[in-house]
Amino acid sequence: MDFAGKPLKVELGRLGGQANGVCVVQYGETTVMVNATMSAAEKAVDYLPLQVEYEEKYYAAGKIKGSNWIKREGRPPEEAVLAGRLIDRPLRPRFNNKIRNEIQVIATVLSFDGVNDPDMPALFGASLALTISDIPFNGPIAGVRVGRVSAEGGSASGGDRKLVFNPTYAERALSDFDIVVAGTENRINMIEAGAKIVPESDMAGAIKAAFESTKQLIDFQKKIAGEVGKPKKELIITEHDEALVAEVRQLTEDKLRIALYLPGKGKNELYEGLGQIKAELMEHFKTIYEADLTLAKKLSEVSVIFEEEIDRMVHKNVLEEEKRPDGRKIDQLRALSADTAILPRVHGSGLFNRGSTQALSVLTLAAPGMEQWLESMEINLSKKRFMHHYSFPPYSTGEVKRVGALGRREIGHGYLAERSLEPIIPSKEDFPYTIRVVSEILSSNGSSSMASVCGSSLALMDGGVPIKSPAAGIAMGL
């Protein structure tokens with residue numbers, strides 16, 4: 001089929017074959033192979049063990065890695081990590097979260113034409129591979145990137161403008177926003193966006209148009225699945241014993257109502273109270289099932305039911321009574337406070353507090369020669385002038401965890417904040433310095449990535465960077 005003026009081709013049966021589902025997707029001359037595999041046995045976990053990987057190969061772009069010592073692909077670059085997270089987000093809600101068989105989706109870029117970003121064909125291929133496989137998947141889903149350029153093909157800064165779907169790299173450089181919209185046939189389930197300070201109505205219109213365009217891609221997948229799709233495996237999904245759920249509810253409902261909705265209670269007091277209720281609950285059932293050979297399994301199920309009861313109560317009270325655990329109204333912010341210049345010697349610093357979430361953002365300015373060099377399959381050696389890095393140490397949530405390599409969550413949250421700050425950074429001509437901001441999350445009770453946006457804005461202003469306007473971020477749910 002043709003999509004957004006470019007051929008979209010699917011090949012089946014030639015490459016691969018051992019995975020539960022495999023397809024090769026070509027968009028323009030960018031080619032991605034996606035393999036979807038599921039383990040035969042369940043894993044002893046209490047979550048959906050889904051893993052999504054996105055691999056970029058230098059050979060796809062006709063390149064050899066620039067390092068003098070290491071020529072083989074190693075740890076995925078940040079761009080690949082972000083693409084993997086982009087694919088993961090719309091896929092994950094379409095699985096039954098009670099599945100305990102390991103599911104792995106691997107998208108491998110085989111050919112890159114330098115024009116079409118592989119992430120959108122990889123997302124399409126991931127959905128298609130799962131849809132035609134025997135893996136239980138409530139799909140298909142599809143995603144589209146949308147931008148806006150002038151009708152004449154130049155910058156979108158003025159004059160007549162038009163939306164472009166799955167824009168080329170050249171078009172994205174001219175566009176005043178970059179939005180990825182993904183979802184099912186009837187509902188959006190993921191949006192990722194960056195914009196150069198665009199009116200809300202323009203963004204809403206672009207999102208609606210992008211969502212409408214995804215239906216062509218979903219119809220294409222349905223057509224293919226109708227011809228070659230495998231029957232779905234019937235997994236043994238263990239539902240909770242209704243009598244056990246009722247007993248857990250009877251033992252905890254009143255206690256949870258008090259623990260969750262006691263006025264003036266902070267995060268630590270809340271979790272301490274919930275932990276005490278859970279400990280008493282587990283002790284109760286440990287006594288009952290003491291002689292049961294499946295004691296560990298029974299207690300694991302009780303633990304899961306307890307967490308689900310918390311979710312049920314919170315959702316119910318929000319929807320029916322507009323009541324939140326900390327006593328706030330549904331549109332009410334937590335207490336805000338901010339400060340600057342709190343560290344000596346550094347070039348700029350900002351401290352932002354939202355309730356018990358606290359972000360310390362620190363600015364460093366350096367000569368133009370300190371710009372970050374970038375190299376990947378998609379990027380020839382180029383330089384990056386503005387960087388935002390996000391750090392989420394275990395003490396920020398009062399926990400003890402292994403401290404090691406940078407996690408995918410930290411990469412994703414750092415990028416999220418960086419995208420919101422980029423439009424306010426002055427041009428190189430007006431401010432030639434290399435700019436790095438590091439956001440240290442010192443205490444977290446939700447929305448730490450958005451706190452890092454606010455803290456970074458403060459640090460930039462404290463350091464005398466002539467930003468175009470302050471920036472702020474807020475997280476919300478529906």
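If you read the sequence shown in full-length UniProt numbering, its first letter stands for residue 1, the second for the next number, and so on.
C-beta atoms are modelled at their ideal positions from N, C-alpha and C, and glycine is treated no differently.
- A direct Cα-to-Cα measurement between Leu86 and Ile288 gives close to 45 Å.
- Per DSSP, the beta-bridge partners of Arg148 are Leu163.
- Residue pairing by DSSP puts Thr340 in a beta bridge opposite Gly350.
- By the neighbour-count criterion, in which 16 or more other beta carbons inside 10 Å mark a residue as buried, Arg100 falls on the buried side.
- The Cβ-Cβ distance between Leu91 and Gly139 falls below 9 Å.
- Looking at the DSSP output, Arg436 sits in a beta bridge with Thr364, Met387.
- In the three-state scheme derived from DSSP, where H, G and I count as helix and E and B as strand, Gly21 is classed as strand.
- In the three-state reduction of the DSSP assignment, Leu110 falls in the strand class, which pools E and B.
- In terms of Cβ geometry, Tyr58 and Pro121 do not form a close pair [threshold 9 Å].
- When the five nearest sequence neighbours on each side are left out, the beta carbons in the same chain lying within less than 6 Å of the beta carbon of Val32 are those of Val25, Ala107, Val109, Pro118, Pro121, Ala122, Gly125, in order along the chain.
- Per the coordinates, the alpha-carbon of Glu309 lies some 41 Å from the alpha-carbon of Val198.
- For Thr287, there is no enclosing beta strand (DSSP E); the residue is found in the alpha helix (DSSP H) stretching over 267 to 288.
- Close CB contacts of Pro423 within its chain, under the 6 Å cut and outside five residues either way in sequence, are with Lys196, Ile197 (chain order).
- About 15 Å separates the CB atoms of Glu53 and Gly16; that is not less than 8 Å, and the two are not in contact.
- Pairwise C-beta distances place the region 339 to 349 in contact with the region 456 to 466, as three or more of them are shorter than 8 Å.
- Ala4 sits in coil when the DSSP states are folded into three classes, being neither helix nor strand.
- DSSP places Gly455 within a helical segment (H, G or I) once states are collapsed to three.
- Between Arg436 and His388, the gap from beta carbon to beta carbon is short of 9 Å.
- In the DSSP annotation of this structure, Ser427 is not part of any beta strand (DSSP E), being labelled neither H nor E.
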